[in-house]
Structures are given as structure tokens and as C-alpha cells.
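Below: the structure, in C-alpha cells.
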Amino acid sequence: MDVEGEGGYALVPTDGKVATELRTSDSKEQRPTWGRRLEFILASVGYAVGLGNVWRFPYLCYSSGGGAFMIPYLIMVCVCGLPLLFMEFTVGQYTRLGPVHAFAKMCPLLKGVGLATVVISFVFSTYYNVLMSWAIYYLFNSFRSTLPWRSCNDTWNVVQNCSSGFPGNATHLQSASQQFFDNRLLEKTDGIEDSGGLRWELLGCLVVAWVIVYLCIFKGVKSTGKVVYFTAVFPYFILFALLINNVQLPGAINGILYFVTPVWSKLFEIKVWVNAAAQVFNSLGIGFGSMVSMSSYNKFNNNVLRDALIVTMTNSFTSILAGFVIFSAIGYMAHVHNLPVDNIATDGPGLVFVVYPEVISTMPLFQLWAPLFFIMLLCLGLDSQFATVEVAITFLKDEFGTKILQFLKREELLALVVCLLCFILGLPHITKGGIYVFQLMDHYTAVVSLMFLAFAEVVAACWVFGTPRISLMVKRMLGRSPNIYFRICWLVLCPLLVLCILVASIVQYTPVRYGKYKYPSWAEGVGWGVSLVSIIWIPLGAIHELYINKGSLHDRLKSAVTPTLDLDVDNSPDTQNHQQKSTLKSSL
């Protein structure tokens with residue numbers, strides 16, 4: 004139940020029976036909370052630590068100066084990542100609302116920001132689970148006596164240009180692992196124009212992935228809070244086990260040195276600093292609304308600053324740990340095939356579905372490492388999937404809760420409907436031309452739309468709603484105001500950094516590509532349409548707010564930037580319940 008609806012009763016009951024029924028009804032409508040503080044931390048860590056920590060950060064670090072990249076990266080963590088995560092936790096926990104209703108109360112003019120976060124999270128969840136279907140497919144195949152991506156002797160291989168290993172500079176050759184990915188997993192067509200029909204095996208894997216997601220979220224935070232004890236913790240056991248195994252392999256040290264050796268001249272390139280800020284921003288999931296949604300289920304006086312510190316530090320530690328795991332393995336492969344490390348290093352899905360499976364196939368005890376690696380990928384991806392799906396469910400509960408329950412009867416059915424809709428919208432990604440659809444969606448959702456949305460969110464929260472009000476929210480919950488460091492970050496550094504990332508994204512914009520394939524102009528038009536589906540709600544929300552307000556344009560603007568969130572009243576549920584009981588007692 005929304006917090007703003009719990010402050011008092013329209014009619015004061017004069018009958019004890021009525022009072023009892025009203026108290027009972029109120030307790031049922033109370034917003035659920037995490038069973039333990041650890042559950043919220045694990046869920047937040049699981050959301051922040053995703054596949055990008057494994058396939059993007061290590062390559063970005065190596066290509067942006069190695070060890071020298073740690074300087075801009077850690078600076079951006081401190082001045083951008085931590086303050087913005089602290090801010091999102093504060094907004095969700097204080098308002099006890101999802102992003103749509105929270106931002107509508109904080110800044111009516113930019114109320115579209117909240118709806119945009121829901122839309123972008125929903126779009127993201129429709130295609131992100133496709134990666135989980137790939138991981139499940141690889142997992143099933145990893146139990147075979149011989150890994151099917153190891154040799155060139157299978158029916159899907161093109162023998163004349165297949166190489167058992169990495170082809171190096173021989174551009175006409177493909178590794179057996181690459182051919183397994185292209186010709187067996189995807190059965191890839193020549194372009195987005197040719198869908199080629201459904202990949203039925205991937206359809207089954209996608210069904211399995213969505214069933215897992217549903218079973219983990221259908222009870223809300225009560226079920227998700229229990230699942231994350233495994234999905235958020237298990238990947239660390241695998242990462243440490245892989246690191247211990249990898250460093251004992253020949254050539255591993257050379258790969259690690261390639262990863263950490265500083266190239267100090269890179270620090271003078273603006274692109275490196277922008278990449279560091281973008282990596283922090285994307286990794287922590289700022290702008291998707293998931294952190295706001297998850298923190299809205301916290302108890303009112305939970306220490307969000309401590310939680311933000313834990314999540315931020317764990318996320319950065321995991322990225323660095325994954326870098327050592329990946330590059331120790333790449334160093335080993337470079338040694339085996341007598342190739343330079345940079346001939347093997349890559350980023351994106353190709354790293355975890357092509358390069359690393361090839362590495363595993365040559366390791367001792369590959370029958371053990373292959374299943375463990377893909378289970379780890381599944382856990383990393385599922386945590387992020389839980390959080391993005393929960394954004395849409397939280398919005399529907401906050402906005403239409405009573406009406407939906409009258410129709411569906413049970414909240415579990417609401418989660419089922421959302422999962423089914425996401426599954427249906429994900430079907431184009433598992434056609435034989437689905438990889439081109441996937442790349443198109445990912446580019447225009449996670450790259451183009453997100454930065455516009457993030458800048459609008461930061462402006463709404465830090466400038467329009469204002470740093471003093473955010474500080475007051477923190478003081479209400481924690482009993483003390485945030486220090487001057489966070490206030491400066493919210494007021495100056497965060498908005499400017501996000502603006503710099505946005506400008507750099509526009510200046511450095513390149514049309515979407517998949518390998519050497521160039522998308523037709525109509526496909527790029529579809530991509531921009533996907534971007535507009537989310538960000539269009541920001542100007543539409545502003546226009547609607549100005550339209551419904553009365554008076555001159557100045558009066559309308561003044562009303563539109565005035566928060567409706569009451570910070571003069573203690574917003575904690577405990578205080579509100581006490582006030583309600585006092586009202587009832589005095590009326591009986």
C-alpha cells in the first residue's frame with residue numbers, strides 16, 4: 004500500500020467491530036518488507052553484479068590503460084557511483100514507492116522519469132533473459148563426454164575455414180568455438196531481414212529460464228529474498244575457484260600482467276575517463292529504477308548509506324576479480340596457441356560464449372569447470388533479471404493494486420502475467436536471425452536511451468527536488484544528515500559527470516553493428532523507435548503536468564517543480580500506525 008494513503012482515516016469508526024476490521028485491513032495492505040537486511044543487500048549486489056562485470060570491465064580495463072584505468076575508475080566510483088546509489092536507496096526507502104510514484108511526488112514536471120525507468124526495465128527484461136537461455140543451452144551441452152565446441156568434426160562446422168583453436172591473424176578462419184556459437188547455438192542467418200524461423204531448442208531453454216525467474220519472484224520480496232542467498236553468493240565461489248585453477252596454468256601470469264600493467268599516457272585521453280564513468284554507471288544499474296523499487300521494501304530506518312557502501316565496494320571488487328580470472332585464462336590460451344594476448348582478448352557476449360568456453364575445453368578437468376562456469380553465468384544473469392522484472396510488478400501494484408487483485412485475485416498471477424508477456428516479446432530474439440534483433444535492442448536500450456534517462460533522473464532528484472530535501476529525507480531515516488561530501492556530489496559533481504557522459508555518447512555515437520554486418524536503415528529506424536518508447540515519457544509527462552495545472556505559464560511551471568512529497572511529517576510506518584491507533588482509541 005502506498006505510504007501517502009496510510010496517514011489517517013476519512014471516517015472515524017464509532018464501533019469497536021468496525022475499528023477492528025479497519026486495523027486488520029490496514030495490516031494486510033502494509034507494504035511487505037525484506038525478511039532480513041542481508042536479503043536486501045544480497046539482492047542489490049546480485050542486481051549490480053551481472054554479466055557486464057565479467058565480459059565488459061576486464062576488456063575495458065585492458066584497452067584503457069591497464070592498471071592506470073583503476074585511477075579514473077575508482078574516482079568515478081567515489082564521486083558518481085556511490086552518491087547516486089545512496090540517493091536511489093534514499094528515495095525508495097523514504098517514499099516506500101516504486102520509481103513512477105516516487106519521482107512524480109518529488110518533481111511533478113519530470114514525473115515521466117519514473118515511468119521511463121519502468122519502460123526501459125521492461126524492455127531490457129524482454130531480451131536479457133535470452134542470454135540466460137544461451138547459458139542453459141551451453142550448460143546442457145557441457146555434460147557431454149567431449150565438449151561440442153572443441154573440434155571441427157561436427158555437422159555444423161564449415162571444415163574449410165574451421166580452426167581447432169584461435170586463428171590469430173588468419174582472418175579467413177574461425178575457431179571451432181565460434182562456429183558452435185554461430186552455426187549450432189544461433190544457426191545464424193545472413194542478416195536481420197532473414198528471421199529464419201524459431202530455434203526450437205532455444206525456445207525450450209527460454210521457457211526454462213522464465214520458469215526459474217517466475218518461481219523466484221512470484222512471492223515478491225519474500226521469495227526473492229531467499230533465492231539470493233544462493234544466486235548472489237555462489238558466483239564468488241566459482242570465481243575464486245577458477246582463479247586458483249587458472250593461475251597455475253602456463254602463461255597465466257603473462258595474461259594478468261597484460262591486464263594490470265599501467266599505460267600512464269591513457270590517463271590524458273578524455274575517452275578513458277568517460278568510459279570509466281559509463282562503466283560505473285551501467286554496472287550499478289543507475290537509471291533502471293530497480294534500486295528504487297528494491298529499497299522501497301526496506302524498513303524505514305534501515306541504514307541505506309551502509310548498504311550503498313557495501314554494494315558499491317562489492318561491485319568494484321567483483322569487476323577486478325573477474326578481470327584476473329578472465330585474463331589469466333586468456334594468457335593461458337595465448338601460451339597454448341603461441342599468439343599475442345591481444346589477438347584473443349575481446350568483450351561482450353563473445354567473451355563468455357566463445358572465448359572462455361574454448362579456454363575451458365583445453366583445461367584439465369573440463370568436465371567440472373564447464374558446468375560450474377555456466378551455472379555461475381546463470382546466477383549472475385538471473386539476479387539482474389529478478390530486479391528488472393520487479394520494477395514493472397512494483398509499478399502495477401502501486402498504480403493498479405486494488406483493481407488488479409479484483410481481476411486476478413492473487414498477486415502471484417500478476418507476476419505470471421508479466422513474465423508471460425516478457426517471454427512472448429522475447430521470441431524474436433530466439434529466431435535464427437535473433438542475434439541481430441538482440442544486438443539492435445541492446446544498443447538502443449542500454450546505450451542510447453539509458454544516458455538520456457539517467458541525466459533526467461539526476462536533474463529531477465538533485466536539482467529540482469534539491470539536495471537539501473534529499474538530505475532531510477536521510478536525516479528523517481538515519482537520524483543524521485549526509486556529510487558535505489555527498490551534498491557536493493549531488494549538487495555539482497554527479498549532474499555534471501552524467502551530462503559529460505551523455506554529451507560524449509552523442510559525440511561518439513556510431514550506428515549499431517554486429518561484427519562486420521551493417522544494419523539496413525529501416526532497422527536503425529526501428530532501433531531509434533525502441534529508444535523513444537522509453538524516453539518519450541519524459542517530455543510527455545512534462546507537457547501533461549503543465550496542461551493540468553491552472554494559471555499563467557509562470558504559475559504552472561512553479562506548481563510543476565514544487566514537490567508534493569510532505570517532508571514535514573514523519574513518514575515512518577511505525578509513527579503512522581501509532582497515530583492511527585491513537586485516533587481510533589480517542590474515538591471509541
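Take any residue in the sequence shown, count from 1 to its spot, add 3: that is its number in this note's numbering. Cβ atoms here follow ideal geometry from the backbone N, Cα and C, with glycine treated the same way.
Residue of V506, V421 and L494 minimising C-alpha distance to M454: V506
Sequence-distant residues of its chain with Cβ nearer than 7 Å to I504 (five each side left out): V277, A280, A281, F284 and M454
Inter-stretch contact at 8 Å, needing at least 3 Cβ pairs: the region 391-405 / the region 252-262: no
Assigned exposure category for P102 - 16 Cβ within 10 Å defines buried: buried
Segment contact, 8 Å Cβ cut-off, at least three pairs: the region 83-90 with the region 308-322: yes
Residue closest to L112, alpha-carbon to alpha-carbon, out of R490, W466 and G290: W466
Sufficient close CB pairs (3 or more, under 8 Å) joining the region 509-522 to the region 427-437: no
Identity of the residues DSSP links to K521 by a beta bridge: R516
Rounded separation between S30 and V48 - CA only: Per-residue confidence for S30 stands at a pLDDT of 34, beneath the threshold of 50, marking its modelled position as unreliable; the derived number appears in the next sentence. Using only the alpha carbons, I get a separation of about 30 Å.
Neighbourhood of N257 by C-beta, 6 Å cutoff - its chain only, sequence neighbours within 5 removed: G334
Pick from Q511, G436 and Q442 that is closest to L205, judged by C-alpha positions: G436
Whole-angstrom distance between A51 and S286, CA atom to CA atom: 6 Å
8 Å contact criterion, which L45 and V295 should meet: CB distance rounded: Between V295 and L45 the Cβ distance is about 18 Å, and since that is not below 8 Å, they are no contact.
CB-CB length for Y140 against C208, believed under 8 Å: 5 Å
Separation of F60 from A138, as counted between CA atoms: 20 Å
Whether P35 touches Y217 by CB criterion (8 Å): no
Contact under 8 Å by Cβ, M135 with L385: yes
Nearest-angstrom beta carbon gap, I289 and A457 [assumed within contact, 8 Å]: 6 Å
Y131 - containing alpha helix (DSSP H), residue span: G115 to N144
Continuous alpha helix (DSSP H) stretch holding C425: start and end: E414 to L428
Neighbourhood of S585 by C-beta, 6 Å cutoff - its chain only, sequence neighbours within 5 removed: Its pLDDT being 42, under 50, S585 is placed unreliably in this model, and the value from its coordinates should be taken loosely. Answer for S585: no residue qualifies.
Chain-order list of residues whose beta-carbon lies under 8 Å from that of P374 (same chain, five-residue window excluded): L142, S145 and F146
Residue burial classification, H340 (beta-carbon count within 10 angstroms, cutoff 16): buried
Assumed close pair S298, F92 - CB separation to whole angstroms, cut-off 8 Å: 4 Å
Closest by C-alpha distance to G528, when choosing among G117, H446 and Q370: H446
Contact set for W212: own chain, Cβ-Cβ below 7 Å, skip 5 residues either direction: The sequence shown places Ala at residue 212, not Trp. Around A212: N132, M135, S136 and I139.
Residues of its chain near G11, where Cβ-Cβ distance is below 6 Å and the 5 sequence neighbours each way are ignored: Residue confidence for G11 is low, a pLDDT of 33 falling below 50, so the modelled location carries little weight; the figure read from the coordinates is stated next. No residues qualify anywhere along the chain.
Pick from S66, V126, Y512 and A395 that is closest to W267, judged by C-alpha positions: S66
Residues that DSSP places opposite T349 in a beta bridge: Paired residues: none, contrary to the question.
Straight-line gap, V477 to P485 (C-alpha atoms, nearest Å): 7 Å
Residue ranges of each alpha helix (DSSP H) within the region 467-501, 4 or longer: 470-481 and 487-491
Three-state secondary structure assigned by DSSP to T317: helix
Straight-line Cα distance separating N552 from Q388: 38 Å
Proximal residues to E42 (C-beta, below 6 Å), its chain only, five neighbours per side dropped: G228
Assumed close pair S364, R153 - CB separation to whole angstroms, cut-off 8 Å: 4 Å
Between the CA atoms of A325 and L342 - distance to the nearest angstrom: 22 Å
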